[in-house]
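Here my numbering is used: the first residue of the sequence shown is 63, the next is one more, and so on.
Even for Gly, the Cβ is constructed at its ideal location relative to N, Cα and C.
Computed from a prediction, not measured in an experiment: that's the story for all the values here.
To keep things clear, I will list the structure first and then write my remarks on it.
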Amino acid sequence: MKPLLPVIVASSILLPFGGSAHRRTEEGNRLYLDGKYEEALRSYTEAQVQAPQAAELYYDIGNVLYRQGDYEGAAEAFTRALLMASSSLESDAAYNLGNARYELEEFQEAVKAYERALRSDPSDVDAKRNLELALRAQEQQQQEQQQQQDGEQEQQGEQEQQQQQPAGGQEEEDSEQEQSGGDPREDGDQQPENEQGSRDEETGSEEQASARQPRPGEMTEEDAQRMLDGLEEQELENLRNQALQKRPRPTRTVEEDW
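Here is the structure:
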């Protein structure tokens with residue numbers, strides 16, 4: 063990829079703002095080339111106080127932030143530079159903006175930046191190569207996002223299906239109830255087994271009690287027993303009377319006095 067180089071701000075641009083901005087810019091350029099990015103950023107920022115509308119200073123600040131890994135800050139600085147850039151600066155600023163967007167994995171925006179760089183300078187070979195890389199990365203990113211969306215939708219569908227599906231045991235029970243004509247618990251004419259047994263026992267007891275009740279004109283067992291006892295006593299009494307009648311009476315014995 064094309065190296066990011068600072069733009070040397072022309073003295074004619076900074077003359078209306080005084081020589082201080084020019085000196086600070088040259089100092090920033092020297093520090094930048096030496097890899098002293100923090101000091102270079104300070105110098106560019108001080109120069110910007112004197113020349114706030116200089117697109118070249120935004121471009122230089124963007125280069126420093128890019129080298130420091132602050133790609134978001136660099137993209138913002140390059141964008142500001144493009145708003146005020148001359149035709150000579152537009153190609154480089156758009157190219158570096160594409161690099162910053164690429165590092166942020168904002169491939170669609172990177173593609174736009176590289177395309178702008180090529181419109182400004184169609185002969186920029188590096189911009190063409192980076193545009194191809196950004197297009198491939200964008201396509202791959204879209205495929206991954208689509209796969210992720212499909213996976214999330216599939217997972218959501220499975221969760222909804224599990225929530226709507228009843229438990230296995232209950233489902234089987236409901237199916238058996240449908241085949242047998244309904245839930246026996248909902249049939250009011252049918253009683254539980256233990257309750258029916260109790261009723262049978264109660265019915266049997268009532269039948270036994272009913273069997274012991276005498277019917278009209280019918281002798282009870284107690285009456286029959288008393289009658290039988292009375293007949294036995296009468297019969298015994300008759301037998302005793304008959305025996306007395308048949309037994310010979312003894313003769314009276316005269317007792318002698320000795």
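Closest by C-alpha distance to I123, out of V111, R142, L180 and L103, is L103. In this structure, A136 and Y128 form a Cβ contact; the two beta carbons are roughly 4 Å apart against a cut-off of 8 Å.
Taking one beta carbon from each stretch, the stretch 159-175 and the stretch 206-226 have fewer than 3 pairs nearer than 8 Å; the two do not touch. Scanning its chain for C-beta atoms nearer than 6 Å, with the 5 sequence neighbours on each side dropped, one finds around E108 the residues R86, in chain order.
Counting C-beta atoms within 10 angstroms of its own C-beta, V126 has 16 or more neighbours from the protein chains shown and is therefore classed as buried. DSSP, read as helix, strand or coil, puts E168 in coil.
Its chain contains Y99 as the residues whose beta carbon lies nearer than 6 Å to that of Q130, once the 5 sequence neighbours on both sides are disregarded; these appear in chain order. For D212, the enclosing alpha helix (DSSP H) stretches over residues V187 to Q226.
Remark: fewer than three beta-carbon pairs, one from each stretch, lie closer than 8 Å, so the stretch 211-218 and the stretch 175-192 are not flagged as touching. Distances from the CA of P184 to each of A162, E201 and D154 were compared; the closest alpha carbon is that of D154.
Here DSSP, grouped into helix, strand and coil, assigns A113 to coil. A147: not part of any alpha helix (DSSP H); DSSP gives it neither H nor E. Secondary structure at D122: helix, using DSSP grouped into helix, strand and coil.
Within its own chain, the residues whose Cβ lies closer than 8 Å to the Cβ of S105, once the five positions on either side in sequence are excluded, are R86, T87, E89, G90 and L93, listed in chain order. Per DSSP, the continuous alpha helix (DSSP H) segment holding G81 begins and ends at G81 to L95. Secondary structure of G160 (DSSP, three-state): helix. Secondary structure of K174 (DSSP, three-state): helix.
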